[in-house]
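Since the structure comes first, as structure tokens, the remarks are kept for the end.
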Amino acid sequence: MKHPETQDHTSAPAAFSGGFAGWMEQRLPIFSAFRKEYVDFPMPRNLNWLWNFGAILVVVLLLMLATGTFLAMNYTPTSAEAFFSTEAIDRQLSGGWLLRGMHVTGASLFLAALYIHLFRGLYYGSYKAPRELLWLSGLVLLVMVMGTAFAGYVLPWGQMSYWGADVMTKAVGAIPVVGSALEHVLTGGDHLGDVFLHRVFVLHFIMAFLVVGVVGLHVACVHITKSGNPLGREPKGPQDTLPFHPYYTSKDLIGLIVFAMVFSALLFFWPGLLTEPANYAPADPLHTPADIEPEWYFLPFYGLLQSVPSKFGGLLAAASAILVLFALPWLDQSPVRSARFRPACRLGLAGLVMAFILLAAVGKHHATGEWMLIGRLAGLYYFGFFLVLLPLVSRREKAQLQAASPTTSEGDA
Amino acid sequence: MTHPTDPTTAPGQDESTVPGRRDFLGMVTTAGTVTGLAACAIPFVESLKPQDSAAAHQPVEVDLSKLAPGQQMTTVWQGKPVFILRRTPEELARLQNAALNETLRDAQSEALQQPPYARNWHRSVVPEYGVYVGICTHLGCVPAYMPPTPAPDQTGFYACPCHGSHFDLAGRVLKGAPAPYNLPVPPYVMPTPTTLRLGENPKGETFDFSTIEQI
Amino acid sequence: MVRLSFTPALALLLSLPLTVRAAPPATEPEKAAPPHQTWSFDGPLGQFDQKSLQRGFTVYSQVCSACHGMRSVTYNDLSGIGLSRQALTDLAHAKQVPGPPDSMGQPTMRPGLPDDHLRSPFPNEAAAAAMMGGVAPPDQSRLAAIHPHGADWLYAFLTGYHMPPPPGAPVVPGKFYNDWADGHLVGMPPPLMNGAVQFADGTPATVAQQARDVTTFLVWASDPHRTTRHRVGLYVFAYLSGLLVLAIAWKRKIWNRAKTRTTQDADD
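Chains as they are written, first to last, in our numbering: chain A, 160 to 572; chain B, 17 to 231; chain C, 1087 to 1354.
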């Protein structure tokens, strides 16, 4: 990929010299490229189970595209029919309840796997040189997936869908200067109706396929820089690596099966954990349901939004919580990648996870009384970690390392 | 990245001690995974099954009292256009003209394109009324009814606008046209001389419309 | 980007002193949960009791459907409670539903078909509200799913009427006292009476029995594929467990080779 392919053509002709493979090889070497990137591809041999989530995410994404396409064939994006076409999928369409169940479960677990994947990158310093683009493309994916998930949640046009959409469009309207224009473009009118629903449907559909495109970029990045590993030191040679197949195919398979078990348990036995009862009532623009809250994966941001006593300030805080991650490769200058060798950072990360969970709790309980205080402290810590703690710690670590070995910087292989 | 030696075969020791063991296990695991993936296709395929709508099987009642001789009307049955034609005695006479039958592809209605009780020279229950599903047997366009011109010795016919197939007033296809079969006759009864019920067989008849050669 | 994200942090900091203000009183005391009943359909492996479902449908069709619709459910769906094709076709046929306009363009009625929905008896929501004292009877398709503690609440509600109301309770004409209604008053008169329906299987039709059966039916209506879902889930789990054992064995075999390849420790 990175080098001219001529070298590889002469070195690996044995497998693809004759027949159709040989014919293809001279014109479009997809077979040898596949072999190079997915069979012989050198992986660090010390990866732990957290490295399974990349493969898991790819599989869930494919499942979402497949189920989504089939659901779209039975869905009607109008305010009169959206709810009832969804009900018909759940009830009358053969296999429809299973398709929709997979799509709903998939949406939640996709975000869950994404958060774990992100945390893995955070913990083992996967955002550091030379993997900044890998990290950034991953964050772009996070934002896109969140948008797609939100648009998808609107489509059944139940009470939660409607009021979630209502709050979201009003939030967009709160952006200074361009807000109200943007809100009108989004809603396509003065109320949420057919035009809005059509736009959201198209947005959901298009975004899903754009995500696939960016996943392609993300995977290309990892094939250039190679996978990181729990030690944070690059493999020194073939003795530190294993070919992707069969070592990591077999390991990923186990991860996928365990994930499928969690997925099935939620899908078949506890679907109520992921669905919001109020969304089984059709959208009613005259009655807001009592406890309106977003899906669990948005709760931390919702908590942050509520903790700031200003309409635009809250939005800015929620948006900045993701934006600050984009700056991470430049905020953390420490040459040490893995938090395994950074005790201060490890402690800080534990606090970060804690703050994230607390913010979700604030989002669930509404930021009033003590929850307001907790929300503000957790929010403060969240930003403090990235903007103050991490830069300070990394500066100290850098100084220590230079003092220990002034000739070479050990972390960068 | 550039080392071409296959690292899996480099040690070679395990392979020789337990020959085929890994391959067998790997094959079984792969087969099991593929089976599971294939099973995942079940709900997808299920969802594509056409939903059997009972409403489509309801008989449709048509009132013929306003249909004058020589006129044609179109009604809808199971989502398909159905032509109902009230033929004049002259037109009926022409349908029995042996010389004209020479120009027809299937003058005797040998292909199963009508219920057995409509397999006769007028292809209908009573000669006066012709009832045909108005879908060309070539590629599914709706043929247009061409009423007879005032010129003598002229008769009406059906002409398909898509590829020029012609059908006579008994729905029989003319030779030299791309359509392979006569127009289908739906199952129907006439409870009174001026009402017609589409989608219901006369007593004692069991004709299933889905068994015909071609719509 | 970095500068920008300082703003909310600053905003947070500045707003901290504000949090000292008194917390607003808790909105309202949490409503007591209805007493828990044992249901055959409860839990991750629960199954609907077909007999109870059919009795519940008797109650629904003779009592509830006089005012409530179940518009997401079709007569065809009733095959899920064990009704035969013929039985549900007959049921549908006994109902008159709006048909296509006749040749004069006038609205017509036609006998129902299996793929017709269980419609509300009222022509529209406004008519329902007007005739039922201002509040339209809610649709019952997902009633059990929307209400917290769906099944337990429905049962408690249906058996929670007090005639006459307990002393001290507010009396409003046209409203009835129920332990489990919001504000203890509800527009729906007590729907169930001892012996008001006859069960085909001879089960005595007490209020408690009717409440139990119609609750089962309503839970089925809000989750008609539950029994199938649980059964398919078990198969899927059995398959995944088998595959997991295979995959672990395969992975072990492969990774054992990696260990003998080099003495370098694999940090796993």
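C-beta: ideal position from N, C-alpha, C; glycine also.
Legend entry - Backbone secondary structure at Ala1112 (chain C) - three-state DSSP: Taking the first residue of the third sequence as 1, we reach residue 1112 (chain C) at position 26. Residue placement at Ala1112 (chain C) is poorly supported in this model, since its pLDDT is 38, which falls under 50; the coordinates still yield a value, given next. Residue state, collapsed to three classes: coil.
Inset, instruction - Using a Cβ-Cβ cut-off of 9 Å, state whether Leu1330 (chain C) counts as contacting chain A. - result: Taking the first residue of the third sequence as 1, we reach residue 1330 (chain C) at position 244. Closer than 9 Å to some Cβ of chain A, the Cβ of Leu1330 (chain C) qualifies, so yes.
Legend entry - Contact list for Phe229 (chain A) against chain B, beta-carbon separation under 9 Å: For the purposes of this step, residue 229 (chain A) is taken as residue 70 along the first sequence, with counting starting at 1. Those within 9 Å of Phe229 (chain A) in chain B are Pro59, Phe60, Ser63 and Leu64.
Inset, instruction - Would you mind stating whether Phe1323 (chain C) and Ser423 (chain A) have Cβ atoms separated by less than 9 Å? - result: Numbered from its first residue, the third sequence carries residue 1323 (chain C) at position 237. Numbered from its first residue, the first sequence carries residue 423 (chain A) at position 264. In this structure, Ser423 (chain A) lies closer than 9 Å to Phe1323 (chain C) by Cβ.
Legend entry - Proximity to Ala1119 (chain C) [Cα-Cα], best of C:Asp1268, C:Lys1339 and C:Pro1234: In the third sequence, counting from the first residue as 1, residue 1119 (chain C) sits at position 33. With respect to the C-alpha of Ala1119 (chain C), the residue from C:Asp1268, C:Lys1339 and C:Pro1234 having the closest C-alpha is C:Pro1234.
Legend entry - Three-way DSSP call (helix, strand, coil) for Phe485 (chain A) in this model: Start at 1 with the first residue of the first sequence, and residue 485 (chain A) comes out as number 326. Three-state DSSP puts Phe485 (chain A) in a helix.
Legend entry - DSSP state of Val217 (chain A) mapped onto helix, strand, coil: The residue you call residue 217 (chain A) lines up with position 58 of the first sequence. Correct three-state label for Val217 (chain A): helix.
Inset, instruction - May I ask you to list the residues that DSSP assigns as paired with His1203 (chain C)? - result: Walking along the third sequence from the start, residue 1203 (chain C) turns up at place 117. Beta-bridge pairing links His1203 (chain C) to C:Thr1160.
Inset, instruction - Below 7 Å between beta carbons is the criterion; list the residues of the region 427-450 of chain A that meet it against any residue of chain C, in chain order. - result: Here the close residues are Phe427, Phe428, Trp429, Pro436, Ala437, Tyr439 and Ala440.
Inset, instruction - Less than 8 Å between the CB atoms is what I'm expecting for Ser409 (chain A) and Asp491 (chain A), so what's the real figure, rounded? - result: Within the first sequence, residue 409 (chain A) is the residue found at index 250, counting from 1. Within the first sequence, residue 491 (chain A) is the residue found at index 332, counting from 1. Your pair Ser409 (chain A) and Asp491 (chain A) does not check out as a contact, with CB atoms roughly 34 Å apart and the cut at 8 Å.
Inset, instruction - Give me the Cα-Cα distance between Ala1307 (chain C) and Leu1204 (chain C), rounded to the nearest whole angstrom. - result: Against the third sequence, residue 1307 (chain C) aligns to sequence position 221. Against the third sequence, residue 1204 (chain C) aligns to sequence position 118. So the alpha carbons of these two residues sit roughly 11 Å apart.
Legend entry - Backbone CA spacing between Thr527 (chain A) and Glu452 (chain A) [nearest angstrom]: Numbered from its first residue, the first sequence carries residue 527 (chain A) at position 368. Numbered from its first residue, the first sequence carries residue 452 (chain A) at position 293. If I take the Cα positions, the gap works out to 15 Å.
Legend entry - Coil, strand or helix - Val1183 (chain C) by DSSP: Within the third sequence, residue 1183 (chain C) is the residue found at index 97, counting from 1. In the three-state scheme derived from DSSP, where H, G and I count as helix and E and B as strand, Val1183 (chain C) is classed as strand.
Legend entry - Range of the contiguous alpha helix (DSSP H) that encloses Val381 (chain A): Residue 381 (chain A) sits at position 222 when you count from the first residue of the first sequence. Here the alpha helix (DSSP H) through Val381 (chain A) covers Asp353 to Thr384.
Inset, instruction - On the DSSP bridge assignment, give the partners of Glu77 (chain B) in chain order. - result: Translated into positions along the second sequence, residue 77 (chain B) becomes position 61. Here Glu77 (chain B) is bridged, per DSSP, to B:Arg213.
Inset, instruction - State whether the region 73-82 of chain B contacts the region 261-280 of chain A, with contact taken as three or more CB pairs (one from each stretch) at a distance under 8 Å. - result: No: fewer than three Cβ pairs fall under 8 Å.
Inset, instruction - Whole angstroms is fine: what's the gap from Val1318 (chain C)'s alpha carbon to Thr1175 (chain C)'s? - result: Walking along the third sequence from the start, residue 1318 (chain C) turns up at place 232. Walking along the third sequence from the start, residue 1175 (chain C) turns up at place 89. In this model, Val1318 (chain C) and Thr1175 (chain C) are separated by some 28 Å (Cα to Cα).
Legend entry - Through-space distance from Asn1342 (chain C) to Lys1333 (chain C), alpha-carbon basis: For the purposes of this step, residue 1333 (chain C) is taken as the residue at position 247 of the third sequence. For the purposes of this step, residue 1342 (chain C) is taken as the residue at position 256 of the third sequence. Lys is not the amino acid found at residue 1333 (chain C); the sequence shown has Ala there. CA-CA distance, Ala1333 (chain C) to Asn1342 (chain C), rounds to 14 Å.
Legend entry - alpha helix (DSSP H) segments (min. 4 residues) lying fully within the region 87-143 of chain B: The region 87-143 of chain B contains these whole alpha helix (DSSP H) runs: 105-111 and 114-117.
Inset, instruction - Please check the pair Leu426 (chain A) and Gly260 (chain A), which I expect to be a contact at CB under 8 Å, by giving their CB distance rounded to whole angstroms. - result: The residue labelled residue 426 (chain A) in the question sits at position 267 within the first sequence. The residue labelled residue 260 (chain A) in the question sits at position 101 within the first sequence. About 5 Å separates the CB atoms of Leu426 (chain A) and Gly260 (chain A); that is less than 8 Å, so the two are in contact.
Inset, instruction - Within the same chain, show all residues whose beta-carbon is closer than 6 Å to that of Asp184 (chain B), passing over the 5 residues directly before and after it, in chain order. - result: Along the second sequence, read from residue 1 onward, the residue named residue 184 (chain B) stands at position 168. If we look at Asp184 (chain B) and ignore the five residues flanking it on each side, its Cβ neighbours are Phe173.
Inset, instruction - Quick one: list the residues of chain C neighbouring Ser588 (chain A), beta-carbon separation under 7 Å, in chain order. - result: Outside the shown range of chain A, which is 160 to 572, sits residue 588 (chain A), and nothing can be said about it.
Inset, instruction - Hey, could you find the ends of the alpha helix (DSSP H) Arg1298 (chain C) is sitting in? - result: Working through the third sequence from its first residue, we reach residue 1298 (chain C) at position 212. First-last of the alpha helix (DSSP H) with Arg1298 (chain C): Val1293 to Ser1308.
Inset, instruction - Could you tell me whether the Cβ atoms of Thr1340 (chain C) and Pro203 (chain A) are closer together than 9 Å? - result: The sequence position of residue 1340 (chain C) within the third sequence is 254, counting from 1. The sequence position of residue 203 (chain A) within the first sequence is 44, counting from 1. In the sequence under discussion, the amino acid at residue 1340 (chain C) is Ile, which differs from the Thr named in the question. No, the pair does not count as a contact, with Cβ atoms beyond the cut-off.
Legend entry - Integer-rounded CB distance, given that Ile100 (chain B) should sit under 8 Å from Tyr161 (chain B): For the purposes of this step, residue 161 (chain B) is taken as residue 145 along the second sequence, with counting starting at 1. For the purposes of this step, residue 100 (chain B) is taken as residue 84 along the second sequence, with counting starting at 1. Approximately 11 Å separates the beta-carbon atoms of Tyr161 (chain B) and Ile100 (chain B); this is outside 8 Å, ruling out the contact.
Legend entry - Residues bridged to His182 (chain B) [DSSP beta-bridge criterion]: In the second sequence, residue 182 (chain B) corresponds to position 166, counting from 1. DSSP links His182 (chain B) through a beta bridge to B:Ala175.
Inset, instruction - With a threshold of 16 other CB atoms inside 10 Å of the CB of Leu432 (chain A), please say whether the residue is buried or exposed. - result: What you label residue 432 (chain A) is simply residue 273 of the first sequence in a count that begins at 1. So Leu432 (chain A) counts as exposed.
Inset, instruction - Would you mind giving the Cβ-Cβ distance between Gly1079 (chain C) and Gly1273 (chain C), rounded to the nearest angstrom? I have them listed as a contact below 8 Å. - result: Examination of residue 1079 (chain C) is not possible in this model, given that chain C is present from 1087 through 1354 alone.
Legend entry - Against chain A: residues of the region 86-98 of chain B by CB proximity under 8 Å: So nothing in the stretch comes that close.
Legend entry - Residues from the region 258-283 of chain A in contact with chain B, defined by Cβ distance under 7 Å: Using a CB distance below 7 Å, the part of the region 258-283 of chain A facing chain B consists of Leu258, ordered along the chain.
Legend entry - Coarse secondary structure for Thr1194 (chain C), derived from DSSP in three states: Working through the third sequence from its first residue, we reach residue 1194 (chain C) at position 108. Shown here, Thr1194 (chain C) sits in a strand according to DSSP, grouped into three states.
Legend entry - Where Gln88 (chain B) falls, given that 16 or more other Cβ within 10 Å makes a residue buried: In the second sequence, the residue the question calls residue 88 (chain B) occupies position 72. Per the 10 Å Cβ criterion, buried.
Inset, instruction - Could you spell out the range, first to last residue, of the alpha helix (DSSP H) harbouring Met183 (chain A)? - result: Position 24 of the first sequence holds residue 183 (chain A). Here the alpha helix (DSSP H) through Met183 (chain A) covers Gly178 to Arg186.
Inset, instruction - Could you tell me which chain C residues have their CB closer than 8 Å to the CB of Phe243 (chain A), listed as they occur along the chain? - result: Position 84 of the first sequence, counting from 1, holds the residue named residue 243 (chain A). Arg1157 and Ser1158, listed in chain order.
Inset, instruction - State the start and end residues of the unbroken beta strand (DSSP E) segment that holds Ala160 (chain B). - result: Here residue 160 (chain B) is taken as the residue at index 144 of the second sequence, counted from 1. Run containing Ala160 (chain B): Ala160 to Met162, per the beta strand (DSSP E) assignment.
Inset, instruction - Verify whether the separation of the beta carbon atoms of Ala477 (chain A) and Leu463 (chain A) is less than 9 Å. - result: Taking the first sequence and counting its residues from 1, the one referred to as residue 477 (chain A) is at position 318. Taking the first sequence and counting its residues from 1, the one referred to as residue 463 (chain A) is at position 304. The answer is yes: Cβ separation under 9 Å.
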